[in-house]
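Top to bottom, those sequences are chains A and B. Each residue of the first sequence is one higher than the last, beginning at 1 in the working numbering. Each residue of the second sequence is one higher than the last, beginning at 1001 in the working numbering. No residue lacks a Cβ here, since even glycine has one placed at the ideal position from N, Cα and C. Note that the structure is a prediction, hence the values are computed from the model and not measured. Report on one structure; see the data block that follows.
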Amino acid sequence: AQTVTQSQPEMSVQEAETVTLSCTYDTSENNYYLFWYKQPPSRQMILVIRQEAYKQQNATENRFSVNFQKAAKSFSLKISDSQLGDTAMYFCAFMKWQGGSEKLVFGKGMKLTVNP
Amino acid sequence: DAGVTQSPTHLIKTRGQQVTLRCSPKSGHDTVSWYQQALGQGPQFIFQYYEEEERQRGNFPDRFSGHQFPNYSSELNVNALLLGDSALYLCASSLGAGDADTQYFGPGTRLTVL
């Protein structure tokens, strides 16, 4: 079974600063996907970024980038130029790939607060 | 392009009652997954429907059942409600075949069991 661990329950950062959220996972699978989702107080789960395990290049989406270390089973999210709208719960999630959509396994989440 | 929609937004029930939650997937998606998110926790996978069949199931009792309709919309039914069933129920849609596709979530239904 796969597990996802987010060891930092809460972080706080000033607007415009850079922050890194950590995530580790455990799996025996070789083909899989990793995701970061954010859940603002409105509670809608929103996709932030996705990484395919077979890709060596780290994924980026505007101010969001990941540091994917497959051997270490580590998948951290870097948010640059933090904005007030980035305040949310952030969840790291794992999906094994077997051809088609599989279940997501989530970590417990991390609360990020961006202060003005 | 409409995203994933869920109804109702909030629901209050008493122990022992039954509840039905509804989900309409994002346009073009054929797979619906349901998750339960207890307060302060990450979502837990309940089950997934594809081609009107339950394709995968998480570690939830048989009191949790579902259905998928020919238009790909889905229902989650919970019988004999317990206090511990109070949670946010999230629906996610995706494509069921080919490359593993990203799951897009609806706004959720907040269920309170008294």
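Nearest to residue i by CA position, among the options, is which residue?
i: glycine 1084/B; options: Gln1036/B, His1029/B and Pro1008/B; result: Gln1036/B
i: isoleucine 1012/B; options: Ser1074/B, Pro1107/B and Leu1082/B; result: Leu1082/B
i: glutamine 51/A; options: Gln69/A, Met89/A and Gly109/A; result: Gln69/A
i: methionine 110/A; options: Arg1022/B, Ala1038/B, Gly1042/B and Gln1006/B; result: Gly1042/B
i: alanine 1092/B; options: Gly1108/B, Ala1080/B, Asn1079/B and Val1078/B; result: Gly1108/B
i: leucine 1088/B; options: Leu1111/B, Arg1063/B and Asn1077/B; result: Leu1111/B
i: glycine 1058/B; options: Met11/A, Glu102/A and Glu10/A; result: Glu102/A
i: phenylalanine 91/A; options: Glu17/A, Trp36/A and Met11/A; result: Trp36/A
i: alanine 71/A; options: Lys78/A, Lys55/A and Phe64/A; result: Lys55/A
i: tyrosine 1072/B; options: Gly1003/B, His1029/B, Thr1005/B and Ala1002/B; result: His1029/B
So, is residue i buried or exposed, given that buried needs 16 or more other C-beta atoms within 10 angstroms?
i: histidine 1010/B; result: exposed
i: glycine 107/A; result: buried
i: serine 1027/B; result: exposed
i: isoleucine 46/A; result: exposed
i: serine 1024/B; result: buried
i: serine 1033/B; result: buried
i: leucine 1039/B; result: exposed
i: threonine 1031/B; result: buried
i: glutamine 1068/B; result: buried
CB-CB under 8 Å to residue i, same chain, minus the five flanking residues each way: which ones, in chain order?
i: proline 1070/B; result: Glu1052
i: glutamate 61/A; result: Val48 and Ile49
i: methionine 11/A; result: Val19, Leu21, Met110, Lys111, Leu112 and Thr113
Looking at residue i: is its Cβ nearer than 8 Å to the Cβ of residue j?
i: alanine 59/A; j: asparagine 31/A; result: no
i: glutamine 44/A; j: phenylalanine 1105/B; result: yes
i: serine 80/A; j: valine 66/A; result: no
i: tyrosine 1049/B; j: serine 1065/B; result: no
i: leucine 112/A; j: valine 48/A; result: no
i: serine 74/A; j: threonine 24/A; result: yes
i: leucine 1114/B; j: threonine 1014/B; result: yes
i: methionine 89/A; j: glutamine 8/A; result: no
i: asparagine 1079/B; j: arginine 1055/B; result: no
i: asparagine 1077/B; j: glutamine 1017/B; result: no
Might you give, ordered along the chain, the residues of its own chain that have their beta carbon closer than 6 Å to the beta carbon of residue i, omitting 5 neighbours on each side?
i: glutamine 2/A; result: Thr27, Phe94 and Val105
i: phenylalanine 1060/B; result: Ile1046
i: arginine 1022/B; result: Ser1007 and Glu1075
Considering residue i, what are the terminal residues of the beta strand (DSSP E) in which it resides?
i: leucine 1011/B; result: 1010 to 1013
i: threonine 3/A; result: 3 to 5
i: arginine 1057/B; result: 1053 to 1057
i: asparagine 62/A; result: First-last for asparagine 62/A: undefined, no H or E at that position.
i: tryptophan 36/A; result: 32 to 39
i: glutamate 10/A; result: 10 to 14
i: serine 28/A; result: From DSSP, serine 28/A is part of no beta strand (DSSP E); its letter is neither H nor E.
i: threonine 18/A; result: Taken as a continuous stretch (DSSP letters only), threonine 18/A belongs to no beta strand (DSSP E), as it is neither H nor E.
i: phenylalanine 157/A; result: Here chain A has residues from 1 to 116 only, and residue 157/A is not among them.
i: glutamine 1103/B; result: Segment: none, glutamine 1103/B is in no beta strand (DSSP E) and carries neither H nor E.
Once you ignore the five residues that flank residue i on each side, which residues in its own chain have a CB closer than 7 Å to its CB?
i: valine 114/A; result: Val13, Glu15, Ser82, Gln83, Leu84, Asp86 and Thr87
i: threonine 1102/B; result: Ser1094
i: proline 116/A; result: Glu15 and Leu84
i: tryptophan 97/A; result: Asn31, Tyr32 and Tyr33
i: serine 1086/B; result: Leu1111, Thr1112 and Val1113
Any chance the CB of residue i is under 7 Å from a heavy atom of the ligand NAD?
i: glutamine 8/A; result: The ligand NAD is absent from the structure shown, which contains no ligands of any kind.
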